[in-house]
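Some notes on the structure that comes next.
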Amino acid sequence: MSLVIVDASGTTIHMSHMDGAPRPSQAIALNKALTAGGFGKSTSEWTDRLQGCSPAVQTGLPLQPGMALFGGGEPFLCNGEIVGAIGVSGASEVNDDLCAKQQNDESVTW
């Protein structure tokens, strides 16, 4: 599993990569963090969000550089403001999403 944390500007402030994790998971984790931080929404929300969009948007948006529109990315919010994000990759989408959500526990006070 790989984990990336970015600040509000999208600058990587931490990257971890477990032994045996697939090499592409580093880039995917970064893209999940950038997508979550850039939009201020969980990457797991994109499947539903794209349902009402035109076919051009449904096809084109996922092809944009740095986009990851599947579970494993969560924004960090403080008083409603985006202060960073986490991206997790290397397991299944469900497990990536659970791990990212656990790291972004809303009960933590900033």
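Counting in our numbering, the sequence shown runs without a single skipped number right up to 278 at its last residue. Don't be surprised by glycine CBs; every beta carbon is placed ideally from N, CA and C. Keep in mind it's a predicted model, so treat the numbers as computed, not measured.
With 16 or more other CB atoms across the displayed protein chains lying within 10 angstroms of its CB, I196 is buried. DSSP assignment within the stretch 180-253 yields the following whole beta strand (DSSP E) runs of 3 residues or more, N-terminal first: 180-185, 241-246. A distance below 8 Å separates the beta carbons of G241 and G255. Your pair A259 and M169 checks out as a contact, with CB atoms roughly 6 Å apart and the cut at 8 Å. Ranking P223, C221, G205 by CA distance to the CA of P243 puts G205 first. Sequence-distant partners of L237 (beyond 5 residues in either direction) whose C-beta falls short of 8 Å from its own C-beta, in its chain, are T203, T211, W214, T215, L218, L229, P230.
About 20 Å separates the beta carbon of G239 from that of V225, a gap too long to meet the 8 Å contact definition. Distance from the CA of V251 to the CA of I181, rounded to the nearest whole angstrom, comes to 12 Å. If the five residues before and after S257 are omitted, its C-beta is found closer than 6 Å to the C-beta atoms of S170, S193, I196, A197, G240, D264, all from its own chain and listed in chain order. Looking at the DSSP output, V174 bridges to T180, A253. In chain order, V256 place their CB closer than 6 Å to the CB of C267, counting only its own chain and leaving out the 5 sequence neighbours on each side.
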